[in-house]
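J.: In numbering that gives the first Met the number 0, the protein residues as written are 0 to 418.
I am attaching a structure below and will ask some questions about it afterwards.
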Amino acid sequence: MNTSAQRRSEAGSVTLELDAREAEWEFAPGQTIRGFTYNGHVPGPLIEANVGDTVQVRLTNNLPQATTIHWHGIRVPAEMDGTEAVQPPVEPGETFEYQFVVPDAGTFWYHSHTNETEQLERGLYGALIVRGSGEPSFDGERVLLLDDLKLDADGEVAPFGDEHEHHAGREGDVRLVNGRQEPELEIPGGTIERWRVVNAANTRFVRLSIDGRSFMIIGTDGGLLPEPLSATEALVTPGERIDLAVGPFEEGERLAIEALPYDRGKGETGRERFATLRVGPAAASQARIPATFRQIEPLVAADAEPTRTIDLKALMHGGHHQRADPVRVGDLQVWDLVNETGQDHPFHLHGFFFQIVQEDGEPAPVLAWKDTVNVPRKSSARIAWLPDDRQGEWMYHCHILEHHAMGMMAHFEVVPEHR
Ligand SMILES: [Cu+2]
């Protein structure tokens, strides 16, 4: 990934120019499409910062259509959130300056928040990672932005917005890691790497497997878990991130990085390969993964009464102008997300992290900070979050981008606390 665009000053600021423009996107050797890119590449430049840094990004729009940037998972001020509620779209030829402090360590991403179904499909996304002090150390680290592309019979980007897509979402047969179709990756034998995985697809769910091998889940949307969790698979739905400790493997192995079958309400998918991992010559490992990472205090008990219920079925059919009740700074929110539809919906809350309290009536097994949670069909999730003092216009929506575009979203305001 291209990191050369970023400048870092000693004073804790990261500055970057993002030029949104059309460019040829070579997603496979000799195969190109007309992409929408940041600085000519898909994905856009990797932005790296430390906790407490100020990130300054000047967006110049050289696309043929308006655009904005949403900083997914970063606790930005409301006016930096990139939605239509807080800024006018940046028209072709115009610029906009985003500036915010990054308060939390973790794996985040940035993407267009205007005409998202087309702009993300065509490549307007990138990763933003924030490092904290005292994080576990690994032999290597990589970011894997997972995506897919839907092409037509001529190998061009398939037209957008047919009836089927509105309802079921847009999925394509070309599976991408960091903008390349089913690439071959290499890891030195005997080493353990940190993989920061982002699902940047419009709709595709990824039940991630590394050839059935076990790995450790070390973090989620909002940074490290309390402790590592051993697993052989992890569901990563659109918008979600997961940090893994991967390896060690034996020199000479070849492993499939793939999605296992999953039914999100549209029939079970097959096994789908995203990449191949080749294990190279062995190297000495210096990785140190402690038994515990940090303390996360539960916001509420599992049986806490909900303060609000969000009916995802009504939300799905409510259209673009839905407004939810305001929330007050400092007023603990306990929301029941009820999904009576026949499809799973990844629910994304802008600007704030929540904890999953219950999944379909059962206490959530892991305490973690999240900004996106999949609510399986005919099921529910209870989440809790605390509005800190960032007043203004926020929103939540389904992160299946076609559902969001159809109006599966609501705006709400964070208002001052009672005095
Ligand atoms: Cu949805």
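From the three backbone atoms N, C-alpha and C, an ideal C-beta is built for every residue, glycine too.
Note that the structure is a prediction, hence the values are computed from the model and not measured.
Exposed or buried, what is A199 when buried is set at 16 or more other beta-carbons lying within 10 Å of its beta-carbon?
T.: Buried is the call here.
J.: Is the beta carbon of I256 within less than 7 Å of some heavy atom of ligand 1?
T.: I256: no, Cβ never under 7 Å from ligand 1.
J.: Shorter than 7 Å, the distance from the beta carbon of Q342 to the closest heavy atom of ligand 1, or not?
T.: Yes; taking the cut-off as 7 Å, the Cβ of Q342 has a heavy atom of ligand 1 nearer than that.
J.: Is the separation between the beta-carbon of A167 and that of E134 shorter than 8 Å?
T.: Taking 8 Å as the Cβ cut-off, A167 and E134 do not qualify as a contacting pair.
J.: Excluding the 5 residues flanking Q294 on each side, which residues of the same chain have their C-beta closer than 7 Å to its C-beta?
T.: Answer for Q294: P225, listed in chain order.
J.: Count the C-beta pairs between the stretch 255-268 and the stretch 277-285 that are closer than 8 Å, then say yes if the count reaches three, no if not.
T.: Short answer: they don't touch.
J.: Kindly give me the distance between the Cβ atoms of P44 and L62, rounded to whole angstroms, as I take these residues to be in contact under 8 Å.
T.: At roughly 17 Å, the Cβ-Cβ gap does not stay under 8 Å, so P44 and L62 are not in contact.
J.: Would P158 be called buried (16 or more neighbouring beta carbons within 10 Å of its own) or exposed?
T.: It counts as exposed.
J.: Please classify H112: is it buried, with 16 or more other beta-carbons within 10 angstroms of its beta-carbon, or exposed?
T.: The residue is buried, with at least 16 neighbouring Cβ atoms inside 10 Å.
J.: Does the Cβ of H402 lie closer than 7 Å to at least one heavy atom of ligand 1?
T.: Checking the Cβ of H402 against ligand 1 gives yes.
J.: Assuming R327 and S136 form a contact by the criterion Cβ under 8 Å, report the distance between their Cβ atoms to the nearest whole angstrom.
T.: Contact flag wrong, Cβ pair sits at about 41 Å.
J.: Where in the stretch 49-109 do unbroken runs of the beta strand (DSSP E), each at least 3 residues long, occur, reported from the N-terminal end onward?
T.: If we require 3 residues or more, the beta strand (DSSP E) runs fully inside the stretch 49-109 come out as 53-61, 68-71, 94-100.
J.: What residue ranges within the stretch 175-258 form continuous beta strand (DSSP E) runs of no fewer than 3 residues, ordered along the chain?
T.: Entirely contained in the stretch 175-258, the beta strand (DSSP E) runs reaching 3 residues are, in chain order, 183-187, 192-198, 205-209, 214-219, 222-230, 233-235, 240-245, 253-258.
J.: Could you check where the alpha helix (DSSP H) with T116 kicks off and where it finishes?
T.: That run of the alpha helix (DSSP H) goes 115-120.
J.: Quick check: the Cα distance between P42 and G125, rounded to an integer number of angstroms?
T.: Approximately 5 Å, taken between the alpha carbons.
J.: Counting only the same chain and skipping the five closest in sequence on each side, list residues whose C-beta sits under 7 Å from that of R206.
T.: So the list reads E232, L234, A258, L259, Y261, once near-sequence residues are dropped.
J.: Alpha carbons only, please: which of G218, E392, G350 is nearest the one belonging to V365?
T.: Cα-wise, what sits closest to V365 is G218.
J.: Sorted by chain position, which residues of the same chain lie with C-beta nearer than 8 Å to V13's C-beta, five sequence neighbours on each side aside?
T.: These residues qualify, in order along the chain: Q5, R6, R7, I46, E47, A48, D52, T53, V54, Q55.
J.: Tell me, please, which residues DSSP counts as bridged to M394.
T.: Answer is H410, bridged to M394.
J.: Starting from L314, trace the alpha helix (DSSP H) both ways and give me its first and last residue.
T.: Counting along the chain, the alpha helix (DSSP H) containing L314 begins and ends at 311-315.
J.: Report, in whole angstroms, the separation of the C-beta atoms of P182 and A274, which I expect to be a contact under 8 Å.
T.: With a Cβ gap of about 5 Å, P182 and A274 count as contacting.
J.: Check whether chain D comes within 8 Å of L228, counting only Cβ atoms and requiring the distance to be less than that.
T.: Protein chains in the displayed structure number just one, and chain D is not present.
J.: What are the start and end residues of the alpha helix (DSSP H) that includes A19?
T.: Careful: A19 lies outside any alpha helix (DSSP H), inside the beta strand (DSSP E) at 12-27.
J.: If you follow the alpha helix (DSSP H) that H165 is in, where does it begin and where does it stop?
T.: Note, H165: alpha helix (DSSP H), 162-167.
J.: Might you give, ordered along the chain, the residues of its own chain that have their beta carbon closer than 6 Å to the beta carbon of R272, omitting 5 neighbours on each side?
T.: Within the same chain, R272 has close Cβ partners E181, A255, E257.
J.: Check whether the stretch 145-162 touches the stretch 88-103, counting contact only when three or more Cβ pairs, one atom from each stretch, lie closer than 8 Å.
T.: With a cut-off of 8 Å, the stretch 88-103 and the stretch 145-162 do not count as touching, because too few Cβ pairs lie within range.
J.: Just tell me which of G171, E83, F346 has its CA closest to the CA of R120.
T.: A quick correction: the sequence has Glu, not Arg, at residue 120. Selected option, being the one with the closest Cα: G171.
J.: From the DSSP output, read off the bridge partner residues of K265.
T.: For K265, which the question treats as bridged, DSSP gives no partner whatsoever.
J.: Kindly indicate which three-state DSSP category N1 falls into: helix, strand or coil?
T.: Residue placement at N1 is poorly supported in this model, since its pLDDT is 48, which falls under 50; the coordinates are not used for a value here.
J.: As a quick exercise: from E249, G246, D220, L228, pick the residue whose alpha carbon is nearest that of E239.
T.: With distances taken between Cα atoms, E239 lies closest to D220.
J.: Write down the C-beta distance between A77 and V85 rounded to the nearest angstrom, noting that I regard them as a contact closer than 8 Å.
T.: Their Cβ separation, rounded to whole angstroms, is 6 Å, which keeps A77 and V85 in contact under 8 Å.
J.: Candidates L228, T36, I73: which alpha carbon is nearest V50's?
T.: Cα-wise, what sits closest to V50 is I73.
J.: Under 6 Å Cβ to Cβ from H319, same chain only, skipping five residues before and after it: list those, please.
T.: Closer than 6 Å at Cβ, skipping near neighbours: G406.
J.: Let me confirm a value: R193 is counted as buried when at least 16 other C-beta atoms fall within 10 Å, else exposed. Which label applies?
T.: Classification of R193: buried, given that the 10 Å Cβ count is 16 or more.
J.: Just verifying my parser: in three-state terms, what is the DSSP assignment at E401?
T.: Looking at E401 - three-state DSSP - the assignment turns out to be helix.
J.: From E23 to L123, what does the alpha carbon distance come to, in whole angstroms?
T.: Between E23 and L123, the C-alpha separation is close to 13 Å.
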